[in-house]
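**Q** Numbering (the working numbering), first residue to last: 1 to 157.
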């Protein structure tokens, strides 16, 4: 996967709710970021976001094709957009290649695919304890990465 085109920008400046608002036009840098990050999603989720953000297809049309109510598809698109634009998702994409296989699998299942800890444990055939511990570590690493750098000795201001 190629480098994130928006990596150099401040991640907190991106509003996932604005990108997930399907009443607005889906063009520009935010749409490009959604399309780029969607590449890591499972095939079905990636296809849905590609149809909306790359092909510009209306959700009502996609809902008819999928034989689902439009509000259900709209909610799914909003959920996916919020996930792919989250700072934690970007952190996992940037760092998962350097992690242990277990942490990488848990990150992919919980952060990239959006599975619950219990569902991820069953899918990965890992104990609930292992998945919960790895998920906590991933969250702590992502949170620490988002913190403002401090100045002075020992990180104090």
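From the three backbone atoms N, C-alpha and C, an ideal C-beta is built for every residue, glycine too.
By alpha-carbon positions, which one of 142, 112 and 129 ends up nearest to residue 43?
**A** Along the chain shown, one-based indexing puts residue 43 at 43. Out of 142, 112 and 129, 112 has the C-alpha closest to the C-alpha of residue 43.
**Q** Could you check if residue 61 is buried or exposed, using at least 16 other CB atoms within 10 Å of its CB as the buried criterion?
**A** Residue 61 sits at position 61 when you count from the first residue of the chain shown. So residue 61 counts as exposed.
**Q** Does DSSP put residue 90 in a helix, in a strand, or in coil?
**A** The residue labelled residue 90 in the question sits at position 90 within the chain shown. Residue 90: helix per DSSP, three-state reduction.
**Q** Which complete alpha helix (DSSP H) runs does the stretch 26-63 hold, if anything under 4 residues is left out?
**A** DSSP runs (the alpha helix (DSSP H)) wholly in the stretch 26-63: 28-37 and 43-53.
**Q** Rank 72, 28, 83 and 143 by C-alpha distance to the C-alpha of residue 38 and give the top, closest one.
**A** The residue labelled residue 38 in the question sits at position 38 within the chain shown. The option with the nearest alpha carbon to residue 38 is 83.
**Q** Of the residues 136, 132 and 81, which one's Cα is nearest the Cα of residue 45?
**A** If you number the chain shown from 1, residue 45 lands on position 45. The option with the nearest alpha carbon to residue 45 is 81.
**Q** Report the CB separation of residue 77 from residue 52 in whole angstroms; it is logged as a contact under 8 Å.
**A** In the chain shown, counting from the first residue as 1, residue 77 sits at position 77. In the chain shown, counting from the first residue as 1, residue 52 sits at position 52. Contact flag correct, Cβ pair sits at about 6 Å.
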